[in-house]
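Engineer:
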Amino acid sequence: MEKLTAIIPVFNEQDTIERAIVSVLFADEILIVDSFSTDLTLSIAEKYDVKIIQRDYEYSASQKNWAIPQASNNWILILDADEVIGSSLREEIQSILNKKSTKTGYWIYRNNHFMNQAIKYSGWQNDKVVRLFQRDLCRYEDKRVHAEIITSGDLGFLNSKIDHFTYKSLRQYVEKLNRYAALQAIDYDKITDKITAYHLLLKPLWRFLKHFIIQKGYKDGVAGTVICFLQAYAVVMRYANLYLLRKKN
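Position one of the sequence shown corresponds to residue 11 (our numbering), numbered consecutively onward.
1) Would you be able to state if there are at least three C-beta pairs under 8 Å between the segment 63-82 and the segment 40-52?
2) Pairing CB atoms from the segment 133-145 with CB atoms from the segment 183-196, are three or more of them under 8 Å?
3) Give the range of the alpha helix (DSSP H) segment to which W76 is assigned.
4) Exposed or buried, H156, counting other C-beta atoms within 10 Å across all chains shown (16 or more means buried)?
5) I'd like the list of long-range same chain contacts for L50, defined as Cβ closer than 6 Å, with 5 residues on each side in sequence excluded.
6) Straight-line CA distance for A244 to I78?
7) Any idea what DSSP makes of L211, helix, strand or coil?
8) Nearest to T15 by alpha carbon, out of Y58, V34, I27?
9) Taking only runs of the alpha helix (DSSP H) that begin and end inside the segment 99-184, which ones reach a length of at least 4 residues, in chain order?
10) What do you get for V232, buried or exposed, if any count of 16 or more other CB atoms within 10 angstroms of its CB means buried?
11) Can the beta-carbon of N122 be found less than 8 Å from the beta-carbon of T176?
12) Give the secondary structure of T15 by DSSP, where H, G and I count as helix, E and B as strand, and everything else as coil.
13) Do E12 and S82 have their beta-carbon atoms positioned less than 8 Å apart in this structure?
14) For P214, decide whether its Cβ has a neighbour in chain D, counting only Cβ atoms nearer than 8 Å.
15) Taking the alpha-carbon positions, what's the L41 to Q182 distance?
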């Protein structure tokens with residue numbers, strides 16, 4: 011069987027880190043990539059057989075690309091602290107490691123939970139990420155938000171899903187959106203012309219309607235409506251941050 015390193019990037023994740031670690035105890039190595047947490051995250055992690063490495067946080071792709079070469083094993087499984095590998099996904103991953111796979115990595119779909127509810131629509135129904143891949147053949151693209159894996163090989167798909175518990179509190183989620191919007195502004199500066207009402211009004215409106223009507227967010231009730239509104243809010247904040255960035259420069 012091929013050996014596996016699980017990588018978990020963290021910063022102040024005391025509420026979720028133990029659940030994430032326990033779900034990947036089947037890995038041969040667990041690498042905790044910490045951005046100098048100030049809560050009990052590391053104390054909790056140290057109860058388990060993990061290796062902890064630390065680095066100041068720039069953005070997600072940069073952090074992961076720094077950590078990947080430090081893994082001892084060829085196969086990498088990346089898990090965020092608010093995610094969990096269930097038994098069916100664990101067994102599927104182990105079956106991949108048991109055979110000589112011709113794929114350089116695998117897409118894994120996610121079961122997303124928000125406001126204590128499983129979200130089945132709202133644009134999240136097809137959410138997928140490349141999280142299982144070969145260390146020397148894959149890296150994240152250099153984007154500050156929503157970077158994906160770059161590889162010259164073929165990617166496969168797994169049938170089982172990652173459980174993603176993205177919601178701690180509404181305040182925490184909005185803070186996350188604001189943080190992402192500020193980072194996205196840097197990426198969008200290269201591809202966006204002059205900011206107009208199209209960016210600040212029409213694009214957010216389209217984002218809400220897309221998630222709420224086309225992707226059936228209304229079927230997720232109050233939680234779905236909040237998600238759709240926040241997706242539109244994120245678009246406004248992205249371009250507001252871009253406007254401020256250009257003004258500053």
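C-beta atoms are modelled at their ideal positions from N, C-alpha and C, and glycine is treated no differently.
Structural biologist: On the basis of the coordinates in this document:
1) yes
2) no
3) 70-77
4) exposed
5) Excluding sequence neighbours, L50 sits near Q24.
6) 30 Å
7) In this structure, DSSP gives L211 a helical state, which the three-state scheme calls helix.
8) Looking only at Y58, V34, I27, the smallest Cα-Cα distance to T15 is reached by V34.
9) none
10) exposed
11) yes
12) strand
13) no
14) In the displayed structure, chain D is absent; only one protein chain is listed.
15) 25 Å
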